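The block underneath contains the structure these notes are about, expressed in structure tokens.
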Amino acid sequence: MVVFVVNCGSSSIKYQLINMEGEIVMAKGLIERIGMEGSLLKHTPAGKDTVTVEADIPDHKVGIQMVIEALTNSEYGVIGSMKGIDAVGHRIVHGGERFTDSVLITSDVLKGIEACSEIAPLHNPPNVLGIRACTELMQDVPQVAVFDTAFHQTIPRVAFLYGLPYESYVKYGLRRYGFHGTSHKYVAQKAAEMMGEHTSDLRIITCHLGNGASITAIKYGKSVDTSMGYTPLEGLIMGTRSGEIDPAIIPFLMEKENMTAQEVDNYLNKQSGILGISGVSSDFRDLEEAANSGDERSQLAIDIFAYKVKKYIGSYVAAMGGVDAIVFTAGLGENSPFMRDKICNGLEYLGTRIDPVLNAVRRKAREISIRRARVKIFVIPTNEELVIAQDTYRICRGITKL
Ligand code: AMP
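Heads up: the sequence shown runs through residues 4 to 405, numbered per my numbering.
Dropping the structure here:
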């Protein structure tokens with residue numbers, strides 16, 4: 004089965020074509036600047052150079068059509084025709100409380116995804132556009148929705164409710180949902196495999212540290228708490244996002260700086276985090292460089308980030324009554340021995356320590372704790388596209404074209 008994995012953002016489409024026999028990526032690519040000047044497609048067939056196609060891409064349907072043309076192109080395509088696509092897997096950001104697992108998309112499911120747009124106004128509408136575009140272009144190909152939130156639906160009420168009037172949960176669904184679910188699930192499973200055990204026997208803390216960052220407590224295979232909340236703004240400080248703050252700061256800013264709700268939202272999502280603290284960059288590579296040249300605020304941003312991660316790890320050890328493994332993944336987690344070391348420095352009381360030689364690794368799955376450590380530490384590259392393809396395969400096996 005060949006699965007077309009689609010991840011639609013408001014002005015972008017990321018895709019991969021994966022042959023599930025051997026889980027081989029046949030091609031991958033990205034469309035940027037949909038509906039803007041300078042829109043383009045970057046398409047990379049496996050083992051070949053990237054092809055860039057500049058064209059007017061007014062909407063997602065035209066975008067998906069361009070991707071299909073690239074995939075079937077006689078020169079740089081990888082399949083003979085659209086018939087070479089057996090199923091489509093969509094990354095959907097928000098599944099609310101209704102979707103606890105990936106699901107075959109029907110008109111009823113689509114309505115459910117649209118209904119979640121109210122709680123994810125930035126993310127779900129472009130996901131829906133992607134589904135509609137694929138439906139129009141590939142009528143009889145089954146499509147599956149894979150939700151960022153689904154893995155976290157096992158979080159108990161004590162961990163997902165905020166200290167707000169209960170009616171706000173009943174009326175508006177105000178609660179912790181959590182995100183990056185496919186990534187947390189994938190790396191926890193990989194860690195268990197590397198330990199020769201099952202997730203159902205382990206307590207694992209997964210640290211997805213990229214531009215967006217979240218930490219999850221996975222107790223015996225189930226997410227029991229996670230740092231992102233109602234939106235992906237809560238929790239750790241991130242590239243440009245504040246993470247948790249005292250909510251009283253919001254009305255204070257609105258009054259003192261004469262900001263609208265939209266402006267505060269922008270302030271917390273786009274101007275805060277390590278960018279806001281350092282005043283230098285939202286990218287940890289730039290911060291490490293600036294800190295090494297003596298920039299104090301860059302050093303401070305790095306210190307605050309590492310402190311927050313450590314604090315979450317400690318709180319999730321408490322939430323689970325112990326921990327067996329800690330996993331680092333995503334851009335920073337996979338690539339920064341320096342940050343991993345900084346975060347784990349001081350966790351020796353848990354029965355773990357990083358081995359500096361093993362820690363000198365980037366983008367490779369490896370155990371990096373010292374030998375005989377009671378709590379194992381791993382670096383595991385995440386692969387959200389593969390999880391989407393695997394779920395699509397699991398659900399569509401047996402269904403050929405609908
Ligand atoms: P992601 O959102 O998972 O793509 O992660 C992107 C972020 O990872 C970047 O903004 C950087 O902050 C961080 N990152 C990527 N590569 C490195 C590296 N070699 N060293 C430190 N940080 C890195």
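Yeah, the Cβ is synthetic: ideal placement off N, Cα and C, and Gly gets one too.
No experiment lies behind these values; they were computed from the predicted model shown.
Distances between the C-beta of E291 and the heavy atoms of the ligand AMP include at least one below 7 Å. DSSP, read as helix, strand or coil, puts P340 in helix.
A direct Cα-Cα distance of roughly 34 Å separates G98 from T55.
Y18 carries a strand assignment under DSSP once its states are collapsed to helix, strand and coil.
Between G181 and T152, the beta carbon gap of about 6 Å places them in contact (Cβ cut-off 8 Å). Approximately 5 Å separates the beta-carbon atoms of G276 and G242; this is inside 8 Å, confirming the contact. L33 has its CB no nearer than 7 Å to any heavy atom of the ligand AMP.
One Cα belongs to F163, the other to K86, and the distance between them is close to 43 Å.
Nearest C-alpha to N269 among P254, R244, A251: R244. In the three-state scheme derived from DSSP, where H, G and I count as helix and E and B as strand, F150 is classed as strand.
Near the ligand AMP, meaning a Cβ closer than 5 Å to any of its heavy atoms, lie the following residues in chain order: G213, N214, D286, F287, R288, A333, G334, L335, N338, S339.
Straight through space, the alpha carbons of S372 and I357 are spaced by roughly 4 Å.
Cα atoms of E200 and E72: separation of roughly 44 Å, rounded to the nearest angstrom. In the structure shown, A328 falls within a strand segment according to DSSP collapsed to helix, strand and coil. Shown here, F381 sits in a strand according to DSSP, grouped into three states.
DSSP, reduced to helix, strand and coil, places R206 within a strand of the structure shown. The residue among I108, I116, I280, V149 with its C-alpha nearest the C-alpha of D143 is I108.
Taking 4 residues as the minimum length, the alpha helix (DSSP H) runs contained wholly in the stretch 349-400 are 359-362, 387-399, in order along the chain. Straight-line measurement puts the Cα of V81 at about 18 Å from the Cα of G92. In this structure, DSSP gives F7 an extended state, which the three-state scheme calls strand.
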